[in-house]
Structures are given as structure tokens and as C-alpha cells.
Amino acid sequence: MNRLQDVLKNARAENRAVLIGYLPAGYPSVDGSIDAMRAMVEGGCDIIEVGLPYSDPAMDGPVIQAAADQALARGVRTADVIRAAGAVADTGAAALIMSYWNPIEHYGVDRFAAELAAVGGSGVITPDLIPEEAGPWITATDAHGVSRVFLVAPSSTPERIALTAEACTGFVYAGAVMGVTGARDQVGHAARALVERTRQATDAPVCVGLGVSTGEQAAEIAAYADGVIVGSAFVRRLLDNRDPRKGVDAVRELAAELADGVRRGSKAR
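Read in the numbering used here, the sequence shown has 943 at position 173, and its numbers run on one by one without any break.
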């Protein structure tokens, strides 16, 4: 059992949801992004998604794209992303990488899984990889004890949900809305129904992302899901604070607000 699985198991035993925060590695710099990820843990995140910046994202909204584009322009590489995941793991939190499939395949499937495991990373979220095409990835992650996280969406059929859930070894990522990432005034009403449909197919934890930006929204989701995933709202805090130290402080404050929301929501179960 890796650290991600331990964190999820312990949270379930405590009847609470986990808070998962996302930031792309390399913005405003590799070390600057590591400082911000550590602040997210200090603020209350249980799990950190370390984003691998990619030039052709299918799921990222404009906020994440803006930070990722600047990271790429400054030369961030896959090895930097793995180093950032290792720095997160050193804090005691569970460290995941969120990456599109092309960079992993280009880097080397087994090499990617092996190097992530070597630095203490727990898993990888692959938003554009489907289980039917993940044979080499399943082999590599099993060999190195790295958890796989695939996505389901409100449009997923029961058969698709069952197939996806069976291939996950960390949690199932439930997209609350159709479309790209980005904070929204309201989290999609389809999220609860999607979680309920996914639970009919698996006992694995089901975590909800896309659109969450406030403590109130986190509380709403924590009342029925196993995890609350927040990305764009954290990235926005960095983009809005050109002073890196103020950006790190802002990220920590947001993590604390969201963690408080997750705790309140978990009590309402």
C-alpha cells in the first residue's frame, strides 16, 4: 500500500473527505512551485497533484494554461516535475502527478513510473488515457507500486464507469462538469449523481474535481464524496500575486479555507 492509499484509507476510517490541491510544477519557477505546494500542505491539503505542464492540454482551462505556458517557456522538464513530487512526498503528504499521456510516453512509460516511485510519489492522474489503451501503463505502475487514477464524467455510461473504476488503483476522479478546468460560481449538480453512479460500480474512493474554488463549495462536495479536488483557484492565487512570497501565503490561506470547508462538509454526512 502506498501513501496515497494510506491517506484515503485513514480518511475513510475517520469518515471524512480528503482535500486534494493541484499546482503545475515550474510556475513561477520550479523551486517557487515547490514552496507553494508545501504551503498547500501546511494549509491542510492531504494530497497534492503536481501538474506536468503540456503544450497541448485538452482539459486545462485558461488559468492553468497561463501558468503552464510560462513554466514551459522557462524550460521546465519532466525531471523537474518528478523532483517536485519528491519534495511534496518529503512533507508527509501524498504526491501525485497529473499528466497527459504524450509526455509520459515520450519520457518512457516504465522510466516515469520507476522514477516517481523512487522519490516517494504515490500515483498519476492521466486525464486523456482510457483503460483500454493503458496496457503498458498498467504493467509499469503495477511493477513500481504507483497508483493509477482515471476519470469519469457526467456523460459516462454505466459500462464506462465500471470499466474505468476497475482500472483505478488510487481513486476514481469524477469530473463535476463537462468542459475544462476553472473556478465556477456553482459546482455542477451532476457531481452528486455521478458519485452515486460510480459507487454502484466500485468500493474505491471517488473524488470530485472541476470548478471548486471556495470553502462553501468544498463543504458541499465533502458531504457526499471521498475527496475534493481544487486546481484553478490555487493557480489563480499565484497568478494574482507577482510577489512570490505573497503568492505562497495566498495559497496557504486558500488551503486553510478549503480544509475548513471539507471538515464542515464531512460532519454533515
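Heads up, the beta-carbon is just placed ideally off N, CA and C, and yes, glycines get one too. Computed from a predicted structure; not experimentally measured.
{"Asked": "For Gly915 versus Ala946, is the C-beta distance shorter than 8 Å?", "Found": "no"}
{"Asked": "Considering only DSSP beta bridges, list what Val894 is partnered with.", "Found": "Ile867, Arg918"}
{"Asked": "With a CB to CB cut of under 8 Å and the five nearest residues on each side skipped, what residues in its chain are close to Gly878?", "Found": "none"}
{"Asked": "Three or more beta-carbon pairs under 8 Å between the stretch 1016-1030 and the stretch 961-979, yes or no?", "Found": "no"}
{"Asked": "Tell me whether Gln970 is buried or exposed, calling it buried when 16 or more other Cβ atoms sit within 10 Å of its Cβ.", "Found": "exposed"}
{"Asked": "Specify the secondary structure class of Val1021 as computed by DSSP and reduced to three states.", "Found": "helix"}
{"Asked": "Apart from the five residues just before and just after Ile874, which ones in its own chain have a Cβ nearer than 6 Å to its Cβ?", "Found": "Phe882"}
{"Asked": "For the alpha helix (DSSP H) containing Ile804, list its first residue and its last residue.", "Found": "800-813"}
{"Asked": "Please list, in chain order, all residues of the same chain as Ala974 whose beta carbon is under 7 Å from its beta carbon, the five residues on each side excluded.", "Found": "Ala935, Cys938, Phe941, Val942"}
{"Asked": "Among Pro928, Gly856, Gly796, Asn772, which residue has its Cα nearest to the Cα of Ala841?", "Found": "Gly796"}
{"Asked": "Count Cβ pairs between the stretch 778-795 and the stretch 817-824 that sit closer than 8 Å; are there 3 or more?", "Found": "yes"}
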